[in-house]
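Chemist: The structure's right below; bear with me while I get my questions together.
Residue numbers (our numbering): 45 to 386.
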């Protein structure tokens with residue numbers, strides 16, 4: 045079945061508030077989750093919601109998010125998320141980075157002791173809506189084997205960049221692996237195969253079975269290039285922000301154990317370099333050059349198309365996920381029929 049964006053928001057907010065999550069924080073989690081589904085990142089949308097509920101049940105996610113600023117300068121901050129919702133921690137930290145960027149030209153906020161934060165592009169969007177450049181990096185539980193190896197050591201280590209424009213949505217949001225781990229989890233839930241050249245089984249053999257891939261490793265995108273980028277992000281989102289790295293990272297996919305990954309949140313103010321309107325104009329000129337060839341797309345075009353489609357047609361839920369959501373709602377004493385209409 046398909047649900048409307050309003051139904052998704054209502055369901056998430058009602059369940060979370062019933063589980064002692066403050067209304068404002070529940071709304072942030074719901075908005076980030078919906079953003080993923082609208083853009084087509086379903087692996088990081090409501091399909092991840094059962095993971096968050098399990099985290100609340102196991103105590104690895106605290107229902108009330110209280111961040112601690114442990115170190116701060118004019119342009120930087122180091123934040124302890126105290127195991128609150130990753131969405132709320134990252135939202136607050138991007139707010140902080142935006143403020144610092146407006147004052148100094150750049151704001152960089154490191155995060156540890158947080159949780160899975162949903163879709164990275166939501167937070168880079170926060171910056172570009174303020175006419176700033178937003179950059180998000182994070183590490184995750186081991187999922188990717190180094191080139192030449194078969195044991196997962198690095199995470200899928202996402203990178204999101206949003207750039208302000210006068211005419212287009214300019215954004216890239218990607219894992220540095222050939223597939224996000226969430227897409228494998230989604231394929232396993234739906235009983236689907238994954239594409240070839242995405243993952244290896246535990247013996248290092250290519251596989252299209254998501255269950256075997258989850259036991260093995262995901263390939264880096266672009267072979268050594270994706271591996272190198274993932275390696276660098278592992279350091280910037282690990283040792284740099286006093287978070288775990290490599291095989292010590294836990295909790296981004298398994299909510300039964302504390303999350304030990306790290307994040308690095310950056311906002312850059314173009315007006316500290318050039319006139320911001322001139323900058324946006326130059327970005328638009330580049331886009332115009334790129335699009336002189338018919339049907340050529342820029343980063344962000346697919347997301348814009350997906351948002352329009354999902355706003356019009358709704359967000360699809362497979363039967364397994366729908367049943368999980370019903371069970372969660374029942375446990376939280378939420379009337380799922382009144383929200384979803386069945």
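Ideal Cβ positions, reconstructed from N, Cα and C, are used throughout, including at glycine. Because the structure is a prediction, the values reported are computed rather than measured.
1. Beta carbon of residue 41, beta carbon of residue 188: below 8 Å?
2. Does the separation of the CB atoms of residue 217 and residue 153 fall below 8 Å?
3. May I have the straight-line CA-CA distance separating residue 177 from residue 314, to the nearest angstrom?
4. By the 10 Å Cβ neighbour count, where 16 or more other Cβ atoms means buried, how is residue 295 classified, buried or exposed?
5. Using a threshold of 8 Å, state whether the C-beta atoms of residue 454 and residue 106 are closer than that.
6. With DSSP collapsed to three states, give me the class of residue 120.
7. What number of angstroms, rounded off, separates the C-alpha of residue 94 from the C-alpha of residue 239?
8. In whole angstroms, what separates the C-alpha of residue 144 from that of residue 321?
9. Taking residue 311 as the reference, which of 381, 168, 260 has the closest Cα?
10. Excluding the 5 residues preceding and the 5 following residue 301 in the sequence, name in chain order all residues of the same chain whose CB lies nearer than 6 Å to its CB.
11. Report yes if the CB atom of residue 288 is closer than 8 Å to the CB atom of residue 305, and no otherwise.
12. What does DSSP give as the partner residue(s) for residue 250 in the beta ladder?
13. According to the neighbour-count rule (16 or more other Cβ atoms, all chains shown, within 10 Å of its Cβ), is residue 140 buried or exposed?
14. Give me, in chain order, the residues of the same chain whose beta-carbon lies closer than 7 Å to that of residue 136; leave out the 5 immediate sequence neighbours on both sides.
15. Over the uninterrupted beta strand (DSSP E) stretch that includes residue 334, give me the two end residues.
16. Assign residue 82 to one of three DSSP states: helix, strand, or coil.
17. Can you grab the Cα-Cα spacing for the pair residue 358 / residue 346, in whole Å?
18. Would the stretch 187–206 and the stretch 264–281 be scored as touching if the rule is three or more Cβ pairs under 8 Å?
19. To which residues of the same chain is residue 59 closer than 7 Å at the C-beta, ignoring the five residues directly before and after it?
20. How far does the alpha helix (DSSP H) with residue 133 in it extend, from its first residue to its last?
21. When you compare only the Cα positions, how much space is there between residue 278 and residue 262?
22. State the Cα-Cα distance for the pair residue 381 and residue 291, rounded to the nearest angstrom.
23. Answer yes or no: do residue 260 and residue 243 have a C-beta to C-beta separation smaller than 8 Å?
24. Count the other C-beta atoms from every protein chain shown that fall within 10 angstroms of the C-beta of residue 235, then say buried if there are 16 or more, exposed otherwise.
25. In this structure, how does DSSP classify residue 227 when only helix, strand and coil are distinguished?
26. Pick helix, strand or coil for residue 110, following the three-state DSSP scheme.
Modeler: On the basis of the supplied data:
1. Residue numbering for the chain in the displayed model covers 45 to 386; residue 41 lies beyond these limits and cannot be assessed.
2. no
3. 7 Å
4. buried
5. Because the chain here runs from 45 to 386, residue 454 falls outside it and cannot be looked at.
6. strand
7. 25 Å
8. 20 Å
9. 168
10. 294, 295
11. yes
12. 244
13. buried
14. 111
15. No beta strand (DSSP E) contains residue 334, which is instead part of the alpha helix (DSSP H) from 320–334.
16. helix
17. 17 Å
18. yes
19. 372, 373, 376, 378
20. 130–148
21. 16 Å
22. 43 Å
23. yes
24. exposed
25. helix
26. coil
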